[in-house]
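Below is one structure, written out as structure tokens; the observations come after it.
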Amino acid sequence: MRDRIEGLIGRLVRASIVERVAIAAAALVAAVVVGGVLVFVSGGFASCASGLDLAGWTFCYNPMQVYYELFLGALGHPLEGGWHVHNFSLATTLRETTLLAFAGLSVAVAFRAGLFNIGTQGQLVVGGLLTAVTVLFAARFVPGGAVGTLVLVPLGVLAGAVGGGFYGAIPGALKAYGGANEVITTIMLNFVAVGVTSTLLSWRFQDPESANPQTRAVPEYAEIPTIPVIGYSPRLDFSLLALGFAVALMVGLAWMLARTSFGYELRVSGVQPEAARYGGVAEKRMTVASMTLSGALGGIAGAFWVLMQHGRWLENVPSLGFDGIAVSILAGNNPLGVGAAAFLFGVLSSGGRSINTATDVPPELVGVVSGLIILFVAMPEFFRMIGRQFLDVDEEPGRGTGGGADE
Amino acid sequence: MSDLLSRRSAAVALAVLAAVTIAAGLVFPDSWVGTVLSVLASPGTHTAMLRLAVPIALAAIGGIFAEKSGVINIGLEGLLIVSAFSAILVTFRLGAGESTALLSNHWWGFAVGVIVSTLFALLFAAVCIEFEADQIIAGLAVWLIALGLAPFASRIVFDSPNTGNVGTFDAVTVPVLSEVPVLGYLLFDTGPDVYVMLIAAVAGWYLLARTRFGRWVEASGENPKALDTAGVDVRKVRYAAVLLSGIFAGLGGAGFALGQLGTFAGGGETDIGGRGFIAIATYLFANYHPIGALAGSFLFAGLDAVQIRLQTYGYAVPTELIRTIPYVTVIAVLVLFGKTRLPEAAGEPYDPDED
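From first to last, the protein sequence lines are chains X and W.
When we follow my numbering, the leftmost residue of the first sequence carries the number 275, and every step to the right adds one.
When we follow my numbering, the leftmost residue of the second sequence carries the number 1082, and every step to the right adds one.
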């Protein structure tokens, strides 16, 4: 039984991996094209001193310039003079890549188990606050310096994972034992997370010396350390160690999914729930377990957001969890693919800032483009139709009119 | 059957809770229970509840059509965002308080809001029906695109993610009838958005339960093969149903924007703040009944109205926590009534060539 299912999944994966990459690339191109049209057209409604005049209308935005800033600005303009690998923009890109990798893994693990975890954002918010509070509390009893780093950083990341895992377990249990659809409950729990954490903040953890809603700063030695010489300056809020940890987690999760019996049961629950039940997988416990794991990864994203980027928890949490959905979908929910997709969205996120400084185009464009990428990835049939239209390829064996894998 | 039982026992439990609250409030008028009771009893809360119900009820009724036909429209939140934003934008551009072609600019904004939402629904329908996309992912994409598009456009026009203020619809007072106790101020002295909601709910119910089209929608979600055999184009029925969800959600979003908000904050979760998702919980709660969805929306909107008014009393309970009450209630409702049976073919594209 197990061998048969294993073989089936293996064949599906191998057959689709090339196509998956092709569709992801095509979706990216399509989203960029549509986004470019949007930029150009919306430039017709903006006001500016000089722009492109066409038939009496002035178009203020140049899509080519916008994409130049978006993609190359995110790397620190490598084609221009004076480029150095340790530049601010690239550090921002890699920091976003790291955080998005954790968030993307969180969404991907749930997806592989057949669950839509839209709640990574809330798990990140809760995990991040628990990280900050735990580290602030523990720092009183731990000596400073290297010992402090060795104790507090793992402790903080663990606290984030526990907080996020607990918050992810809630919708898992509600689904398993209450039958509540996890898409709706996780979205609602995102709102609840914001309300509860900001209540906790004003109740006990607010930094008394600041007017901003935020916790006190953790000691400097409790932040993610940077590698001397080859690493980035601590002022850039990015550590190669964190990126390394993210890569290790990707590989570890890929190994777990492919080689462990837990990973096997998780995948089968996602692909063929009936077969999983028949094969003796405790379905309800699996739902809770995979949501807990997913939440823990979201919590780790929150921990690194706190310990690497700000050194404290802020009430205004960026939408890393929602971007994680896009990362995971683009990656086909493959842990190793998450790395590549996270880098792409890291570029978009960091490039959004350079759009904001170098052009008049609103940085929210990045949100639109991410949404478009998801939309296009969701419709592979669209690209297959185009492919059939223009390439005149023979139908692949096993794929009829509707895409054999979906039926 | 067991589901019906739990619905009934929950109703009894709610009634008992309400009775205890009222008794406690009347005995101790100065306690917090008394305050809650006075908020619950105040006409202002009821009026606010009706206006806050507009986006939830209308999006829910739209969602019923889409899901009944076999297309789960989880992008309702996105439809509310685009319709609310474009309604404000157009009203602002035309000039608030003025008229174009004898019609108040608020109504032009309202119409454009509905059209934009319907166009988005058309896009969603094409993606799901024509290109057989995963409906949940495509719906999320619609939401995320709207979440980016509204502040994007807002920054171009207003130089800020928040729009300018255009004010709200004037209340329409029906002479004589508005003097009727209770029903008078609730139903005959209120905004046009509330009238739109009430009329649309009845129209939605009639369309779904009493017309041939309603039966087609039902069959398209339950047994598309049979509908096809009967000579009705399943794809056309699904297109029509998803477009209807766009129209209803558009009425809700534009009505909410012009009846309640008067301005649109596009930052973060936007002013819609998850009401599209609450709408989904509402129609599951109501078991796909349009009038039931209207009643369910009163529950969530009522909680919202109460929490808004409670904040003004300045209790030690922090506002952020009170604000989560509707969301927590959605979760509780889903756990208690979430086992609604989905239409048989919901979520799957229909392929006539399949055996």
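For every residue, glycine included, the Cβ atom is placed at its ideal position computed from N, Cα and C.
Small disclaimer: the values here were computed from a predicted structure and weren't measured.
Within 7 Å, strictly: CB atoms of residue i and residue j
i, j, result
"Thr473 (chain X)", "Leu403 (chain X)", "no"
"Gly626 (chain X)", "Val640 (chain X)", "yes"
"Gly1144 (chain W)", "Ser1164 (chain W)", "no"
"Ser644 (chain X)", "Phe385 (chain X)", "no"
"Val612 (chain X)", "Ala382 (chain X)", "yes"
"Gly396 (chain X)", "Leu463 (chain X)", "yes"
"Ala616 (chain X)", "Ala375 (chain X)", "yes"
"Leu1302 (chain W)", "Ala1427 (chain W)", "Sequence check: residue 1302 (chain W) is Gly here, not Leu. Yes."
"Gly469 (chain X)", "Leu1380 (chain W)", "no"
"Phe1250 (chain W)", "Gly1220 (chain W)", "no"
"Ile1412 (chain W)", "Thr460 (chain X)", "no"
"Ser1150 (chain W)", "Val1257 (chain W)", "no"
"Thr366 (chain X)", "Ser624 (chain X)", "yes"
"Ile1162 (chain W)", "Thr1351 (chain W)", "yes"
Per-residue DSSP class, three states only, for residue i
i, result
"Asp1314 (chain W)", "coil"
"Trp529 (chain X)", "helix"
"Trp1189 (chain W)", "helix"
"Gln480 (chain X)", "strand"
"Trp587 (chain X)", "coil"
"Phe333 (chain X)", "strand"
"Val1080 (chain W)", "There is no way to answer for residue 1080 (chain W), as the model of chain W reaches only from 1082 to 1436."
"Glu669 (chain X)", "Unreliable positioning characterises Glu669 (chain X) in this predicted model, as indicated by a pLDDT of 46, which lies under 50. The coordinate reading is nonetheless provided below. It is coil, neither helix nor strand."
"Asn630 (chain X)", "helix"
"Ser1123 (chain W)", "coil"
"Asp1240 (chain W)", "coil"
"Arg1422 (chain W)", "coil"
"Gly513 (chain X)", "Note that residue 513 (chain X) is Ser in the sequence shown, not Gly. Three-state DSSP puts Ser513 (chain X) in coil, outside helix and strand."
"Ala615 (chain X)", "helix"
"Gln1216 (chain W)", "helix"
"Leu1086 (chain W)", "Unreliable placement is indicated for Leu1086 (chain W), whose pLDDT of 49 sits below 50; no coordinate value is reported for it."
"Ala1360 (chain W)", "helix"
"Thr1400 (chain W)", "helix"
"Asp1352 (chain W)", "coil"
Rounded separation between residue i and residue j - CA only
i, j, result
"Val542 (chain X)", "Tyr335 (chain X)", "49 Å"
"Val1285 (chain W)", "Arg1319 (chain W)", "It is worth fixing the name first, because residue 1285 (chain W) is Gly in this sequence and not Val. So the alpha carbons of these two residues sit roughly 16 Å apart."
"Gly606 (chain X)", "Val311 (chain X)", "27 Å"
"Gly672 (chain X)", "Phe657 (chain X)", "Annotation note: pLDDT 43 at Gly672 (chain X) (below 50); position unreliable, coordinate value reported separately. Roughly 18 Å between the two C-alpha positions."
"Gly1349 (chain W)", "Val1255 (chain W)", "39 Å"
"Leu1086 (chain W)", "Phe1233 (chain W)", "Residue confidence for Leu1086 (chain W) is low, a pLDDT of 49 falling below 50, so the modelled location carries little weight and cannot support an answer."
"Arg559 (chain X)", "Ala1367 (chain W)", "29 Å"
"Ser535 (chain X)", "Gly573 (chain X)", "24 Å"
"Ile498 (chain X)", "Glu589 (chain X)", "21 Å"
"Thr332 (chain X)", "Gly1176 (chain W)", "23 Å"
"Ile1392 (chain W)", "Leu1107 (chain W)", "Checking the displayed sequence, the identity of residue 1392 (chain W) turns out to be Gln instead of Ile. The straight-line gap from Cα to Cα measures roughly 21 Å."
"Ile648 (chain X)", "Leu1098 (chain W)", "45 Å"
"Lys1306 (chain W)", "Arg662 (chain X)", "27 Å"
"Val1277 (chain W)", "Trp357 (chain X)", "60 Å"
"Ile504 (chain X)", "Gly1327 (chain W)", "54 Å"
"Ala301 (chain X)", "Ala1129 (chain W)", "44 Å"
"Pro609 (chain X)", "Ala387 (chain X)", "13 Å"
"Pro1433 (chain W)", "Arg1296 (chain W)", "19 Å"
Integer-rounded CB distance, given that residue j should sit under 8 Å from residue i
i, j, result
"Ile1236 (chain W)", "Pro636 (chain X)", "One detail in the question is off: residue 1236 (chain W) reads as Arg in this sequence, not Ile. 4 Å between Cβ atoms; contact."
"Leu594 (chain X)", "Leu368 (chain X)", "Contact doesn't hold; Cβ gap of about 14 Å is too wide."
"Thr394 (chain X)", "Ala433 (chain X)", "That pair is no contact at about 17 Å."
"Glu456 (chain X)", "Leu349 (chain X)", "Rounded, the Cβ-Cβ distance is 37 Å, inconsistent with contact."
"Gly401 (chain X)", "Gly576 (chain X)", "4 Å"
"Leu1170 (chain W)", "Thr1244 (chain W)", "6 Å"
"Leu517 (chain X)", "Ile501 (chain X)", "About 11 Å separates the two Cβ atoms, so there is no contact after all."
"Thr566 (chain X)", "Gly439 (chain X)", "5 Å"
Residue i Cβ short of 6 Å to the ligand NAD heavy atom set
i, result
"Ile291 (chain X)", "The model on display carries no ligand, and the ligand NAD is accordingly not part of it."
### Query
What are the residues of the segment 1194–1223 of chain W that lie near chain X, defined by any Cβ-Cβ distance shorter than 7 Å?
Val1208, Phe1212, Glu1213, Ala1214, Asp1215, Ile1217, Ile1218, Ala1219, Leu1221 and Ala1222
### Query
Looking at chain X, which residues of the segment 1352–1365 of chain W have a Cβ within less than 7 Å of any of its Cβ atoms?
Gly1355, Phe1358, Ile1361 and Ala1362
### Task
Output, in sequence order along the chain, the residues in the segment 636–648 of chain X whose CB is closer than 9 Å to any CB in chain W.
Pro636, Pro637, Glu638, Leu639, Val640, Gly641, Val642, Val643, Ser644, Gly645, Leu646, Ile647 and Ile648
### Task
Please name the residues in the segment 1257–1270 of chain W whose beta-carbon is closer than 8 Å to at least one beta-carbon of chain X, in chain order.
none
### Task
Check each residue of the segment 1398–1415 of chain W: if its Cβ is closer than 7 Å to any Cβ of chain X, include it; give the result in chain order.
Pro1399, Glu1401, Leu1402, Arg1404, Thr1405, Tyr1408, Val1409, Val1411, Ile1412 and Leu1415
#### Entry: chain X contacts made by the segment 1371–1388 of chain W, where a contact means CB separation under 8 Å
none
### Message
Any C-beta of chain W within less than 8 Å: which residues of the segment 473–486 of chain X qualify?
### Response
Thr473, Ser476 and Trp477
### Message
Give me the subset of the segment 441–457 of chain X whose CB atoms are less than 7 Å from a CB atom of chain W, sorted by chain position.
### Response
Leu448, Gly452, Gly453, Ala454, Asn455 and Val457
### Message
So if I threshold CB-CB distances at 8 Å, which residues from the segment 540–571 of chain X count as touching chain W?
### Response
none
### Interface residues of the segment 307–320 of chain X facing chain W [CB-CB below 7 Å]
Ser316, Phe319 and Ala320
### Task
Using a Cβ-Cβ cut-off of less than 9 Å, give me the residues of the segment 385–413 of chain X that come near chain W, in sequence order.
Phe390 and Ile392
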